[in-house]
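Input: a single structure, listed below in structure tokens.
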Amino acid sequence: MKKFLVFVVLASVSFVAKAQEESIRFGAKAGVNFATVKGDSQNVDSRTGFHVGALAEIPITEKFAFQPELLYSSQGTQIDVTDFESKTKLDYLNIPLMAKYYVAQGLSLQAGPQIGFLLSANAEGEDSGQSFDQDLKDELSSFDFGLNFGAGYQLDMGVFFDARYNLGISNVFDEDTAEGDNVQNSVFQFSVGYKF
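For the record, in the sequence shown the residue sitting at position 59 is 48 according to the numbering used here, with numbers rising by one throughout.
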């Protein structure tokens, strides 16, 4: 009898775990970034980049879900003023942790924190006719923190579309090299993806 009871309990746990596992959907996404920086910066324009990565949507209730993501994101900014032109490319490995609320069939509102790890940083351009190409990674913080806000729409076949804004909170510059400058990332993202 004890063996039978143990078998029933293990089978039940296995069934629940299997059902939960089947309701989790994995996917991939890619899209365009319109990135710049805000704070103690002047004459900056947005830089067009891209993002690509993977995600998992974990249902909590019928209307709520948790969606962690892992994204490569090409960000930065550009400056074009008299006698000076520069494009700064900042590449991050970002981990958004999104809460999703489905307001209607397929339509969700999204919000959540994001942590990022700087992979590379480079500035290139011209200063008074002289070309330059400079590695900035040692001058910038290796860690980035921000908040994401957005919306998405998912079709029944698994294809989805997202629009999101990343509001940077932490200083892009390293504390040891900031010299009082306080600059944060600011990125609009538009994505298309597929959930399996």
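Every residue, glycine too, gets a C-beta built ideally from N, C-alpha and C.
Can you give me the C-alpha to C-alpha distance between residue i and residue j, rounded to a whole angstrom?
{"i": "A54", "j": "D69", "result": "43 Å"}
{"i": "S180", "j": "L125", "result": "28 Å"}
{"i": "A19", "j": "G141", "result": "14 Å"}
{"i": "D165", "j": "N171", "result": "12 Å"}
{"i": "Q173", "j": "L79", "result": "12 Å"}
{"i": "M87", "j": "D127", "result": "30 Å"}
{"i": "G38", "j": "F162", "result": "20 Å"}
{"i": "Y91", "j": "S130", "result": "35 Å"}
{"i": "K27", "j": "N111", "result": "18 Å"}
{"i": "A24", "j": "Q103", "result": "15 Å"}
{"i": "S12", "j": "P85", "result": "21 Å"}
{"i": "S30", "j": "F185", "result": "42 Å"}
{"i": "D34", "j": "P48", "result": "39 Å"}
{"i": "E58", "j": "Y154", "result": "15 Å"}
{"i": "K89", "j": "G42", "result": "18 Å"}
{"i": "I169", "j": "L60", "result": "The question names Ile, but residue 169 is Gly in the sequence shown. About 30 Å."}
{"i": "F106", "j": "T66", "result": "17 Å"}
{"i": "Q119", "j": "Q178", "result": "33 Å"}
{"i": "Y81", "j": "A17", "result": "17 Å"}
{"i": "D122", "j": "G147", "result": "43 Å"}
{"i": "L98", "j": "A152", "result": "10 Å"}
{"i": "L108", "j": "T77", "result": "14 Å"}
DSSP puts residue i in a beta bridge; with which residues?
{"i": "G135", "result": "Q103 and G157"}
{"i": "T66", "result": "T77"}
{"i": "G169", "result": "For G169, which the question treats as bridged, DSSP gives no partner whatsoever."}
{"i": "L98", "result": "Y90 and A140"}
Classify residue i as helix, strand or coil using the three-state DSSP reduction.
{"i": "D29", "result": "coil"}
{"i": "K126", "result": "helix"}
{"i": "S117", "result": "coil"}
{"i": "S12", "result": "helix"}
{"i": "L60", "result": "strand"}
{"i": "K18", "result": "strand"}
{"i": "G147", "result": "coil"}
Following the continuous beta strand (DSSP E) through residue i, name the residue where it begins and the one where it ends.
{"i": "Q173", "result": "V172 to K184"}
{"i": "M187", "result": "In the structure as shown, the chain begins at -10 and stops at 185. Residue 187 is therefore absent and cannot be evaluated."}
{"i": "T37", "result": "R36 to P48"}
Whole-angstrom Cβ separation of residue i and residue j, contact assumed at under 8 Å?
{"i": "F138", "j": "S159", "result": "Not really, about 17 Å apart at Cβ, beyond 8 Å."}
{"i": "Q56", "j": "N22", "result": "About 19 Å separates the two Cβ atoms, so there is no contact after all."}
{"i": "F73", "j": "A45", "result": "At roughly 44 Å, the Cβ-Cβ gap does not stay under 8 Å, so F73 and A45 are not in contact."}
{"i": "H40", "j": "S62", "result": "4 Å"}
{"i": "L143", "j": "G101", "result": "Per the sequence shown, the amino acid found at residue 143 is Gln instead of Leu. Q143 to G101, Cβ: 17 Å. No contact."}
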